[in-house]
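Residue numbers (the working numbering): 284 to 465.
Here's the structure, in structure tokens; my notes come after.
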Amino acid sequence: MRRGFLCAFGLITITACVAANAAWGQLPMPGQQEAPNPLMDPTAKPGKVLLFDLDARFAKDVRERGGAAFADWFSQDAVALNNGQAPVSGLVAIVKSANWDPKVYQLTWTTTDAQMGPSGDMGYTWGHFEGHSKDAAGNPVLTSGRYITMWRKEKDGSWKVVLDAGANEPAAAGDCCKVPNS
Numbered sequence: 284m285r286r287g288f289l290c291a292f293g294l295i296t297i298t299a300c301v302a303a304n305a306a307w308g309q310l311p312m313p314g315q316q317e318a319p320n321p322l323m324d325p326t327a328k329p330g331k332v333l334l335f336d337l338d339a340r341f342a343k344d345v346r347e348r349g350g351a352a353f354a355d356w357f358s359q360d361a362v363a364l365n366n367g368q369a370p371v372s373g374l375v376a377i378v379k380s381a382n383w384d385p386k387v388y389q390l391t392w393t394t395t396d397a398q399m400g401p402s403g404d405m406g407y408t409w410g411h412f413e414g415h416s417k418d419a420a421g422n423p424v425l426t427s428g429r430y431i432t433m434w435r436k437e438k439d440g441s442w443k444v445v446l447d448a449g450a451n452e453p454a455a456a457g458d459c460c461k462v463p464n465s
């Protein structure tokens, strides 16, 4: 009886730590209201908690190390779909394309939700991203949009990104299709 209690207590403690870590890593974007954290829902399934934790660790690593960290999370056969660009297929190509320095370009994201597949070895996260950089004149440049990341459990037990796709936010109302005044 005591052993069963200790196992259950240990499992609950580990789950709470993972949820707290994932919740901490998902800070709201600047100027964005804090959304309710789905992980605080007592009915959140372990698969969802795991995916939120993966996305939080991925985001933290990229904030700290930039493009090198971004590429480190991808599988050998991964695909990256960036808004308005050709698909980038395979880890070698992703490593080559993810060559930004976090001092020059900062990519951040906030996970909105996650879903684990029925087999427990594949799932996805999605949410909002922001990219901060400067143009040639030193003016701030912001890109933002939505993303989806597909995760797969590898043979060695690690989790890797197999698909990452992003779409920029649409232009603000009235910014599109203006005819210049002469």
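The C-beta atom is built at its ideal place from N, Cα and C for all residues, glycine as well.
{"Query": "What is the C-beta distance between Phe357 and Val345, in whole angstroms, given that I count them as a contact (C-beta under 8 Å)?", "Result": "Not quite, the Cβ-Cβ distance comes to about 12 Å (not below 8 Å), so this is no contact."}
{"Query": "Looking at C-alpha atoms only, which residue of Asp324, Thr326, Met323, Asp336 is the closest neighbour of Thr408?", "Result": "Asp336"}
{"Query": "I'd like the list of long-range same chain contacts for Ala363, defined as Cβ closer than 6 Å, with 5 residues on each side in sequence excluded.", "Result": "Val371, Ile377, Asp447"}
{"Query": "When DSSP labels each residue in this structure, what does Lys417 get in the three-state scheme?", "Result": "strand"}
{"Query": "Taking 8 Å as the threshold (C-beta atoms), are His411 and Thr395 in contact?", "Result": "yes"}
{"Query": "Taking only the alpha-carbon atoms, compute the straight-line gap between Glu452 and Trp383 and give it to the nearest angstrom.", "Result": "22 Å"}
{"Query": "Count the other CB atoms within 10 Å of the CB of Val332; is the residue buried (16 or more) or exposed (fewer)?", "Result": "buried"}
{"Query": "How far does the alpha helix (DSSP H) with Lys331 in it reach, from first residue to last?", "Result": "329-348"}
{"Query": "Run through the DSSP bridge pairs and tell me what Ser380 is partnered with.", "Result": "Paired residue(s): none; Ser380 is not in a bridge."}
{"Query": "Which residue or residues does DSSP assign as beta-bridge partners of Pro370?", "Result": "In DSSP, Pro370 forms no bridge with anything."}
{"Query": "Output yes or no for whether 8 Å exceeds the beta carbon distance between Arg435 and Met399.", "Result": "no"}
{"Query": "Quick one: give me the first and last residue of the beta strand (DSSP E) that Gly449 is part of.", "Result": "442-451"}
{"Query": "When we look at the beta-carbon of Leu390 and count the other beta-carbons within 10 Å, is it buried (16 or more) or exposed?", "Result": "buried"}
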